[in-house]
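This report refers to the structure that appears directly beneath it.
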Ligand SMILES: Nc1ncnc2c1ncn2[C@@H]1O[C@H](COP(=O)(O)OP(=O)(O)O)[C@@H](O)[C@H]1O
Ligand SMILES: [Mg+2]
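Chains as they are written, first to last, in UniProt numbering: chain H, 1 to 290; chain R, 1 to 259; chain Z, 1 to 307.
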């Protein structure tokens, strides 16, 4: 029973990271019609800026989150303006946009490597650990789950109740609507690029706090995040919520299975890949995609 | 002989019923025209026949064979070819290459043959080039043969689109508004050529056409479509003489709303 | 160090990377297929070559087998994505690059896992200078062969269909050709060539381990093609030469200039920026694509000039 609960809790943790990291990816993917591989580096960047703040004042974890939120959002908007917007204006097709995003990823990753080093860093923080009848929990995990779920709830309200929110969701799942809805597309895009990357930065802080911080950190979770985005249906925020937690569950169950069969737990990543391939074969538009 | 049979085809786009049990028959060796107001579903019907848009209900038969779920490339191999209403040319490729790509047989398109039977496919290419030249002469585009298709004017693009189905040498061609955007003299010439192909080679033509004088001169049989179904049919004289023809023809078509 | 060895190393790496960039040109340059897992098929070829060589197969069979195995893997992995939109292929190939490395790392028994595996050398000519020369000949010979092969494909009706697929798949379908068949064949051929490059790489280094097959290899190959000129085999070749030389240039510079920043970081920041700038300001690369040259084009040139 406790084992099962622990499994569910672990899935919730994994899924929360994917949800935070994937929100921006799926929305901007839906709006701008290409997958931005530099999201990996935006996740990492969040981890690093919070790290610097924590170096100076170890008490300010929440301020670190906020700093990561703002920095990543800003870098994302800048990158849209400087890199992607000119390409879109030149009518670059999908693949050049993806290549540019990889190029941008390299610029960001190696800049971070230069500023913060290539070795593994850890946050100078200690989290309270609880033992609830065998169930192992840390305060960090509780914060993560709380932040992910409240972000989801706020976004839900935003999508439901505001004009911009409605527009984003409508266009993300159906870009043909952009022309007819009479909204300022450019501003909606910029806003989404900001918000999405800001959340990815938050994901990066949690990931770094929970494990280790290094310039490839974001890249190492990019594959499952993409798997979640595709499983949920590209552009679909609600699909992503379901997909993130499903994938979190699949991974954690998979790890138990791998251990039981004596296979290496390194194969954890392969689970996301398997999910990705199965989705493409059986339901390419994802759970809630158009 | 009934070459193409469309049997009670239904197509919905969201809540919009664009084809509502449309049925018709095209006889072998005829020029059959499809007319109807804008938005009555003519292009959609062509797309369904050609496998570009899946039908929700109903069947399509070609030479008695059910082709309803066939992909377009298989339908092409059965002997049908379609010229799009809005030309879909390969813009970076020369007109010549656009035409060559429509050829039914070109053994060098197989990668192994491309490598190992070069003399043979080069010979085929020369033959196809001569065939393409005839098409280009007809369309009055010969001097532009090596221009990228992206540099053409709207009317010229339409011509190349028609040129491609001529290169395909099919048993039956579907042409969506062949004369739209082309000067009237050239349009008549194209029709005359199509008519000649029909008479000499037994080609079957199914065209979407707006202009009535063209129908009178070239069509053997006419279908009038309105709101996704065929409402009138007959020889051009019969259809045009029908009391309801002009009200429907001139009317604004409202596809059936099912939601 | 004997300059011959440095020259050999340079030429062989140029050869290997040019093979990769040529294979990407077939896939992306002509057909617009976004293979973002090039390194995986390169790696598959390297490991397949190594395992076959350990099974004591004659070298030419090892190269051939390695290429074919990589080709088949390329075919199978990409098949689910081929009937879908092009971005799915990108995500699948990118992910596969990560997965293959994970598998090789995890399976100690298969090919040494993280410790790597030694690869028997083909040439034992008695002197290492002679071996180096033989390796140069082998690599450049394979490069020349593949170049001619790809050039023949690019200027054939097959190559014309690939370019048509790049522009409008629906129109290609309407003209009686199944794009999935063509795309699958392209990924098979492209992965075979990447696999051959992997075999050459493994054989030359006499040792491989998973850290040699990081995603950066894929990025460098893309950079070569984008810089040299996508759609043009000469461009792919040129890109291979230029980027490999830049790579070596920075390595040499490191020994002579002391910079306040890590030159390795600087190099990749520069590479990333360069790719972005080329895409924005010169998307066609240094050598733009030319038309498909077959007998039909000659015919057409003849009638146009006689008008
Ligand atoms: N892909 C589509 N999605 C939604 N509606 C469509 C689509 N294609 C056509 N329609 C609608 O179907 C109706 C019929 O279109 P069409 O077949 O092009 O008419 P026609 O060719 O007779 O002018 C129009 O109202 C058009 O807006
Ligand atoms: Mg129409």
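Positions of the beta carbon are idealized from the N, C-alpha and C atoms, including for glycine. As the structure is a prediction and not an experimental result, all values here were calculated from the model.
*With DSSP as the reference, please indicate the residues paired to residue 188 of chain H in a beta bridge.*
Paired residues: none, contrary to the question.
*Can you give, in chain order, each stretch of the alpha helix (DSSP H) that sits fully within the segment 6 to 80 of chain H and has at least 4 residues?*
39 to 56 and 61 to 79
*Who are the Cβ neighbours of residue 202 of chain H in its own chain at under 7 Å, not counting the five residues just before and after it?*
20, 46, 65, 68, 69 and 147
*Could you tell me if residue 177 of chain R is buried or exposed, where buried requires 16 or more neighbouring beta carbons within 10 angstroms of its beta carbon?*
buried
*Between residue 277 of chain H and chain Z, is there a C-beta pair that is closer than 7 Å?*
yes
*Taking 8 Å as the threshold, find out whether the segment 88 to 98 of chain H comes into contact with the segment 30 to 37 of chain H through three or more Cβ pairs.*
yes
*asked:* Contact defined as beta carbons within less than 8 Å: I believe residue 198 of chain Z pairs with residue 5 of chain Z. What is the distance between those atoms, to the nearest angstrom?
replied: Wrong, their Cβ atoms sit about 22 Å apart, outside the cutoff.
*According to the Cβ coordinates, are residue 22 of chain H and residue 229 of chain H closer than 7 Å?*
yes
*Can you tell me where the alpha helix (DSSP H) with residue 156 of chain R in it begins and where it stops?*
154 to 168
*Do the CB positions of residue 232 of chain Z and residue 289 of chain Z come within less than 7 Å of each other?*
yes
_Restricting to Cα atoms, I'd like to know which of H:185, H:218, H:83 and H:205 is closest to residue 143 of chain H._
H:205
*So, helix, strand or coil for residue 223 of chain R, using DSSP?*
strand
*Between the C-alpha atoms of residue 14 of chain H and residue 248 of chain H, what's the straight-line distance to the nearest angstrom?*
5 Å
*Taking the alpha-carbon positions, what's the residue 77 of chain H to residue 185 of chain H distance?*
Distance between the alpha carbons of residue 77 of chain H and residue 185 of chain H is about 14 Å.
*Got a sec, what are the start and stop residues for the beta strand (DSSP E) residue 81 of chain R sits in?*
From DSSP, the beta strand (DSSP E) with residue 81 of chain R extends over 80 to 83.
*Which residues bound the beta strand (DSSP E) around residue 134 of chain H?*
It is not in any beta strand (DSSP E) - residue 134 of chain H carries neither H nor E in the DSSP assignment.
*asked:* Does residue 232 of chain Z come out as helix, strand or coil in the three-state DSSP assignment?
replied: In the displayed model, residue 232 of chain Z falls within coil according to three-state DSSP, outside both helix and strand.
*asked:* Is the separation between the beta-carbon of residue 15 of chain Z and that of residue 143 of chain Z shorter than 7 Å?
replied: yes
*Of all the alpha helix (DSSP H) runs that stay within the bounds of the segment 114 to 156 of chain Z, which reach a length of 4 or more residues?*
128 to 154
_Cα-Cα separation, residue 270 of chain Z to residue 120 of chain H_ = 24 Å
*Within 7 Å of ligand 2: residues by beta-carbon to any heavy atom*: Selection output, chain order preserved: R:42, R:43, R:85, R:176, R:177 and R:208.
*Starting from residue 301 of chain Z, follow the alpha helix (DSSP H) in both directions and report where the run begins and ends.*
295 to 305
_Please list the terminal residues of the continuous alpha helix (DSSP H) segment that includes residue 97 of chain Z._
86 to 106
*In chain H, which residues lie less than 7 Å from residue 268 of chain Z when you measure between Cβ atoms?*
106 and 110
*Could you say which of H:232, H:79, H:117 and H:114 lies nearest to residue 104 of chain H if we only look at CA atoms?*
H:79
*In three-state terms, what does DSSP make of residue 366 of chain Z?*
For residue 366 of chain Z there is no data in the structure shown, the boundaries of chain Z being 1 and 307.
*Would you give the residue range spanned by the alpha helix (DSSP H) that residue 271 of chain Z belongs to?*
263 to 281
*asked:* Restricting to Cα atoms, I'd like to know which of R:173, R:164, R:172 and R:170 is closest to residue 172 of chain Z.
replied: R:164
*Verify the CB distance criterion: does residue 289 of chain Z have a CB-CB separation below 7 Å to chain H?*
no
*Examine the Cβ distances between the segment 10 to 21 of chain R and the segment 36 to 51 of chain R and report whether three or more of them are shorter than 8 Å.*
yes
*Evaluate contact between the segment 232 to 240 of chain R and the segment 204 to 213 of chain Z, counting only Cβ atoms and requiring at least three cross-stretch pairs below 8 Å.*
no
*Can you list the residues of chain Z that residue 108 of chain R reaches, using a CB-CB cut of under 7 Å?*
156, 157 and 158
*When burial is assigned at 16 or more other CB atoms within 10 Å of the CB, is residue 1 of chain H buried or exposed?*
exposed
*Where residue 113 of chain H and residue 198 of chain H are concerned, what is the direct C-alpha to C-alpha distance, given to the nearest angstrom?*
21 Å
*asked:* Taking CB distances under 7 Å as the criterion, tell me whether residue 176 of chain R reaches chain Z.
replied: Interface annotation, residue 176 of chain R: not in contact with chain Z, CB-CB separation never under 7 Å.
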